[in-house]
Structure formats: structure tokens, C-alpha cells
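Novice: Here the protein sequences line up with chains A and B, keeping their order.
Residues in the first sequence are numbered from 1 upward in steps of one, following the numbering used here.
Residues in the second sequence are numbered from 279 upward in steps of one, following the numbering used here.
The C-beta atom is built at its ideal place from N, Cα and C for all residues, glycine as well.
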Amino acid sequence: MRPTARGRALFALAVAAVAAWSLAPFLWQLITSLKPAAEVAAVPVRYWPSTLDLSSYAQMFRARPFALYIWNSFVVGVGTTALTTALGVCAAYAFSRLGLPGGRAALIAILGLSLFPGTVLIVPLKMLAAKAGLLNSRLGLVIAYTALNLPFAVWVLKAFFDRLPKDIEEAAWLDGLSRWQTLWMIVLPLAAPAVATTAILVFIFSWNEFLIAQTLVSRDAARTVPVGIAMLSGVTVYEVPWGQIAAAVVVTTLPVVAMVLAFQRRIVEGLTAGAVKG
Amino acid sequence: MRDHSRAGAVNWLYAAPALLVMAVVSLLPIGYTFRLAGEYHRLWVDTRFWPVVRTTLSLTAVTVALELLLGLAMALVLWSPFPGRGLVRAVVLIPWALPTAVMAMAWRWIFNADSGVMGDLMFRLGLAASPQVPWLADATSAFWAIVLADVWKTTPFMAVLLMSGLAAIPDELYEAAAIDGAGPVRRFLVVTLPLLKPTIVVAVIFRAIQTFGLFDLVFVLTGGGPGGRTQTIAVYAYDVVFRYQELAYGCALVVAMALCLVLMTSLMLAASRRGGAR
Chain A
1 MRPTARGRAL
11 FALAVAAVAA
21 WSLAPFLWQL
31 ITSLKPAAEV
41 AAVPVRYWPS
51 TLDLSSYAQM
61 FRARPFALYI
71 WNSFVVGVGT
81 TALTTALGVC
91 AAYAFSRLGL
101 PGGRAALIAI
111 LGLSLFPGTV
121 LIVPLKMLAA
131 KAGLLNSRLG
141 LVIAYTALNL
151 PFAVWVLKAF
161 FDRLPKDIEE
171 AAWLDGLSRW
181 QTLWMIVLPL
191 AAPAVATTAI
201 LVFIFSWNEF
211 LIAQTLVSRD
221 AARTVPVGIA
231 MLSGVTVYEV
241 PWGQIAAAVV
251 VTTLPVVAMV
261 LAFQRRIVEG
271 LTAGAVKG
Chain B
279 MRDHSRAGAV
289 NWLYAAPALL
299 VMAVVSLLPI
309 GYTFRLAGEY
319 HRLWVDTRFW
329 PVVRTTLSLT
339 AVTVALELLL
349 GLAMALVLWS
359 PFPGRGLVRA
369 VVLIPWALPT
379 AVMAMAWRWI
389 FNADSGVMGD
399 LMFRLGLAAS
409 PQVPWLADAT
419 SAFWAIVLAD
429 VWKTTPFMAV
439 LLMSGLAAIP
449 DELYEAAAID
459 GAGPVRRFLV
469 VTLPLLKPTI
479 VVAVIFRAIQ
489 TFGLFDLVFV
499 LTGGGPGGRT
509 QTIAVYAYDV
519 VFRYQELAYG
529 CALVVAMALC
539 LVLMTSLMLA
549 ASRRGGAR
């Protein structure tokens, strides 16, 4: 298995190709966003801006309430992540440790639920939200996203709890801790890496969600970034503001890029646990 | 351990909040969609329905096939140890983590008819007669634009799943094959591929289900156009419900979609079982 020099060069080429393919569309948005207005839609295409120009970013915040959209996305993301992890930890602990009668069937039902595409529930979901006064509300989105992310959270966390040694918890019970105390004081600290993994993935899912946000929200007050950007598609008579869109794409995707770069290992672990153990 | 089963029913309380949220916000709406659905007879006479099913099926087949091939190549590259592997793995994950609707806008810019970079690149490579190519105005090229954007986005996910399968293959098998004089290609065919098969089956079914329900990418990139020729079932159902306000028929479409999903999944499972070696 000793690679030859030519083999190594070919391999390096493959790695470079994979990285370039993954980054190219994002980099093109970055370059577009930094061009002066006159060069954005230049014909022929300009591959490099003559000067760096940040006016697309300034305009994007002026033309639409993008700061509000970003804030909404952030609030919904944090709310969803907190609620999903809290409920998911309790449920996963119960399924993993508390010997629930019928627990296996419930877990399979939860998995089945997560296989339905979002389209299956949006019509009644909208009616439900209207009835509960949760249309155009960030809370409405948090509740909907929590429900959609819980199957994944429960499965990943359960898979992790299953691997934790039981004797520590048993010792804690013997020491007189209640089961509830054991969960929060003993198990949760041990499970911190899995909880963090789940939280990161849930945040990414909710930051990215489009269909439900588009359906439940029709006012800027609760509009999230993906919907805000898609609305710029400009089926209007005006020209589509590609420079601003590129700036908005960069601003929206940068937090996700940062998360991926920082937490690559956790994300891979969470994805495999969620998809394959299922 | 002893007091577990005695308190069995009480232990359900740990899972109750999560189950309640899923029941009210996912299960109930799914059930209600089935109740709202009506006018099924229109499915047979709707001249849009079968083309939409065909588009959805071809999109699923083409995308998942390309994704499996590229994902396998990507997984093999990223699985081998090399300096900077963590960073490259993170970079490769970026497309998967970015918001689909947001990147769909980015792809619209790339495929822009007047100053899109795709047309310019093709022209420079001598693959197009002019840099101005109306990619999204032609049904065939719009279809392939969707395929490219989706393959770009979801291949990393496939690669991650396949890497988890590669991780489960014991090194001794490769060593044994090497001692028997098997070269890299032969080792791939005799050891890697057969042992990876269960993972491949899970990953393909999972991705097929997701692609079949594809909404946001199509909705933002082509809007289902030109003339509805790139509509997936999800996009068509969304239009029927929210644009034409035909609730009963829209839900019937969604129910048909769910049934197609079940059928598709069972066929794939059956095929993989019949393929031997479970």
C-alpha cells in the first residue's frame, strides 16, 4: 500500500478538486458581493473586482429590514435549539434508561414521523397556528421547528446515552439522588458532548428552514433570513439586485460556515448517529 | 435498576413533553392532511399531475445516482489519512450546512442568462456558442441546473454516511486481501463495496426520500418553471394549495406523494434484500 509519487500527486489533485467544488459557488457570491455596482452584472463576466466595494452590504440593510430578519433567525434558532435539546434530553434519557413499556414502538413511530416531508403537514399546521394565534410569530416557528427536530434529537441523544456506563448512575441512586437529580447532575455533564452536537445541528436546521417559515410568516416582524432572501427574487419590473442578494447570501451563510469550520467533527458524528442508527 | 419497572408508567412523564409536542405539531397535522384530502378523482384527469410525478421521479433517480457515485469518491478520498484532513472535511461539509433557499438564490445568479458565470465558463471552455445562455428558461437545462445544485449540496451528506460505513470495515480484511495479492481496485471491489452495501442502502433510501420531497431548491431556483416543467410534487402541491386555494385537491396531491414515498421505499428495500447478503 505504499503510494508512489504519482499516486500522491493524483490524490492531492483529488483533494483539491473536492475542496474547490465545495467552495466555488460560495466564493462566487463573496466576490460578487464585493464588486462595485457597475461590475456586478458586467458583460463579459469580471472575475475579480477592480476595487473592493462594500456598498452592496450597506444597500442590503437599507433596502429591506435584513438586520431584523437576521435577528429573527437568531432568536428562532436559539429558542428552537434550547427547547429541542431540553425536551430531547429528557425523552432520550427515558427511552435509554428508564425501561419504558412500549418504548421501542414509540421510538419507531417517532422515526417514521420524521420521514414525512414538510409538505405533508403545512396546510393543517397553518390552520393550527392561526387558531393558536401563532401566525407571524417567532414563537410559532420555534414550536414548529422543535416538533420537526425532536425525532432527530431523541434518536441521536438516545444512541449516546446507550453508550454511557450505567454504574455511575446506579451509584448516584444508592447515594440517595432522585432519578431527576441523577439526570441533571450526573448524566447531563457526561453527555455534554452529545448535547452540544445535537444543539449545533438543530441550530443549523432551524437557521436554514424555508418551507414552514414561508408558510407561517407573511410579515417582516417574524420573517427569517432564508425567506427574506428568496423574496428578493424580484418578479417585479425592477432589475433583480444581484449585488445585494450576494451580500445577503454571504451574511446569512457566514455564521454557518464558521460553525462548520469550528465543529466539523461533532457535526459528522451527529449526522452519522442520526442517520445510520435510525 | 430494581425500581425501574415498578415506576414504568411514571417514567413516561420524562418523555411526555417531547411526545406531546410531536403529537400536536407533527402527527396531528399529518393525520389532518389525510382528512382534508379529497377530489382524488382529479389526480387521474389532471394533465399536470403525471408530468410532475415524472419530473420528481427523474430528479430523484438522477440526483441520488450522481450523489452516490460522487459521494463514494469523496468518502474514499476523505477517509484516507492526509495532512489537513480535518480542514478539508469541514470545507466539504459547508455546502450541506448552508441554507438551501439561500444557496438557491446563489445558483440563480450563477445560472443568470445575461451575466451568469456558468455561461461565461462554458463559453470560455468552448462548450457554448455564446456566454449568454438562458439556462433556466429551457426545461431541460433548468432540470440539470436543479440536479447540479442539489448534487452540490447533498453529496457531502452522502459522503459522511459512507465514511461511517468505511469506519466499520475491519483493517484485517484489507490486509488479508493484500496478502492474497489483490490490488487497490480489486480490494475495493472485493472488500469495500460488499461490506459497504448496508450503509449504501440506508443512505440511498434516506436521500431518495428527501429528494422526492424536494421543495425549497426548486421553488427558489426555477419556481417550477419554465411553464411548470421543473415542478416537483411538493412545489405543485404548494401552488395548488396556496396559489389556487384548492385545499382538498392540494392535500390529495400530498397524500399521493406520501403513498408514492412508501411505495418507493418498500421497492428499494425489497430490491436490496433480493440483492442477497441482506
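Could you pull out every residue in the same chain whose Cβ sits closer than 8 Å to the Cβ of A:Phe-66, ignoring the five residues on either side in sequence?
Specialist: Correct list, in chain order: Met-60, Val-225, Gly-228, Ala-248, Val-251.
Novice: What residues in the region 394 to 428 of chain B have a beta carbon less than 7 Å from any beta carbon of chain A?
Specialist: Per Cβ criterion, the list reads Val-395, Asp-398, Pro-409.
Novice: Consult DSSP for B:Asp-428 and reduce its assignment to one of helix, strand or coil.
Specialist: DSSP places B:Asp-428 in helix when its eight states are reduced to three.
Novice: If we cut at 8 Å on Cβ distances, does A:Ala-5 have a partner in chain B?
Specialist: With 8 Å as the cut-off, A:Ala-5 does not count as an interface residue toward chain B.
Novice: Tell me the rounded alpha-carbon separation between A:Leu-216 and A:Val-15.
Specialist: Cα to Cα, A:Leu-216 sits roughly 42 Å from A:Val-15.
Novice: Which residue comes first and which comes last in the alpha helix (DSSP H) that contains A:Gly-112?
Specialist: Segment 103 to 115, the alpha helix (DSSP H) holding A:Gly-112.
Novice: Could you tell me whether the Cβ of B:Met-546 comes closer than 8 Å to any Cβ of chain A?
Specialist: No, B:Met-546 does not count as interfacial toward chain A.
Novice: DSSP on B:Leu-467, reduced to helix/strand/coil?
Specialist: B:Leu-467 falls in the helix class under three-state DSSP.
Novice: Along chain B, in chain order, which residues have C-beta atoms closer than 9 Å to that of A:Tyr-69?
Specialist: In chain order: nothing, as chain B lies at least about 11 Å away.
Novice: Just to confirm before moving on: does the CB-CB distance between A:Val-156 and A:Thr-198 stay below 8 Å?
Specialist: Yes. Within cutoff.
Novice: Just verifying my parser: in three-state terms, what is the DSSP assignment at A:Leu-55?
Specialist: The sequence shown places Ser at residue 55 of chain A, rather than the Leu named in the question. Residue state, collapsed to three classes: helix.
Novice: Run through DSSP, which three-state label would B:Ala-301 get?
Specialist: Residue state, collapsed to three classes: helix.
Novice: Going by DSSP, what residue range makes up the alpha helix (DSSP H) through B:Arg-363?
Specialist: First-last of the alpha helix (DSSP H) with B:Arg-363: 363 to 375.
Novice: Measure the C-alpha to C-alpha separation of B:Leu-525 and B:Ala-515 and round it to an integer number of angstroms.
Specialist: If you take the alpha carbons of B:Leu-525 and B:Ala-515, they lie about 9 Å apart.
Novice: Looking at C-alpha atoms only, which residue of B:Ala-446, B:Phe-401, B:Gly-309 is the closest neighbour of A:Thr-272?
Specialist: Out of B:Ala-446, B:Phe-401, B:Gly-309, B:Ala-446 has the C-alpha closest to the C-alpha of A:Thr-272.
Novice: When the Cα of A:Val-202 is compared with those of A:Phe-74, A:Ala-58, A:Thr-4, which residue comes out closest?
Specialist: Nearest option by C-alpha distance: A:Phe-74.
Novice: Within the 8 Å Cβ cut-off, does B:Trp-357 reach chain A?
Specialist: No, B:Trp-357 does not count as interfacial toward chain A.
Novice: Measure the alpha-carbon distance for A:Thr-51 versus A:Tyr-57 and round it to whole angstroms.
Specialist: Rounded to whole angstroms, A:Thr-51 to A:Tyr-57 spans 15 Å at the Cα level.
Novice: Cβ closer than 9 Å: which chain A residues qualify as neighbours of B:Val-340?
Specialist: Ordered by position in chain A, no residue passes the 9 Å Cβ test against B:Val-340, which lies about 18 Å from the chain.
Novice: Out of curiosity, what's the CA-to-CA distance linking B:Ala-301 and A:Thr-81?
Specialist: The straight-line gap from Cα to Cα measures roughly 19 Å.
Novice: To the nearest angstrom, how far is it from the Cα of B:Leu-474 to the Cα of B:Glu-317?
Specialist: If you take the alpha carbons of B:Leu-474 and B:Glu-317, they lie about 45 Å apart.
Novice: Determine the chain A residues that contact B:Arg-367 at a beta-carbon separation under 9 Å, and present them in chain order.
Specialist: Simply Gln-264, Arg-265, Val-268.
Novice: Would you say A:Thr-197 reaches chain B, if we count a Cβ-Cβ gap shorter than 8 Å as a contact?
Specialist: Closer than 8 Å: no.
Novice: DSSP three-state label for B:Ile-447, please.
Specialist: If DSSP states are grouped into helix, strand and coil, B:Ile-447 belongs with coil.
Novice: How should A:Lys-166 be labelled, buried or exposed, when 16 other C-beta atoms within 10 angstroms of its C-beta is the threshold for buried?
Specialist: A:Lys-166 comes out exposed.
Novice: Taking a cut of 8 Å between CB atoms, which residues from the region 129 to 150 of chain A lie near chain B?
Specialist: Of all residues in the region 129 to 150 of chain A, Ile-143, Ala-144, Thr-146, Ala-147, Leu-148, Leu-150 have a Cβ within less than 8 Å of some Cβ in chain B.
Novice: So, with DSSP's three-state summary, where would you put A:Lys-131?
Specialist: Note: A:Lys-131 maps to helix in three-state DSSP.
Novice: Does the CB of A:Trp-48 have a neighbour CB from chain B at under 8 Å?
Specialist: No - not a single Cβ of chain B is within 8 Å of the one on A:Trp-48.
Novice: Is the shortest distance between the beta-carbon of A:Leu-111 and the beta-carbons of chain B less than 8 Å?
Specialist: A:Leu-111 does not count as touching chain B.
Novice: If you run the structure through DSSP and keep just helix, strand and coil, what is A:Lys-158?
Specialist: DSSP places A:Lys-158 in helix when its eight states are reduced to three.
Novice: If you compare alpha carbons, which of B:Leu-356, B:Arg-320, B:Met-535 is closest to B:Ala-437?
Specialist: When each option's Cα is compared against that of B:Ala-437, the closest is B:Leu-356.
Novice: Give the range of the alpha helix (DSSP H) segment to which B:Gly-397 is assigned.
Specialist: Here the alpha helix (DSSP H) through B:Gly-397 covers 395 to 402.
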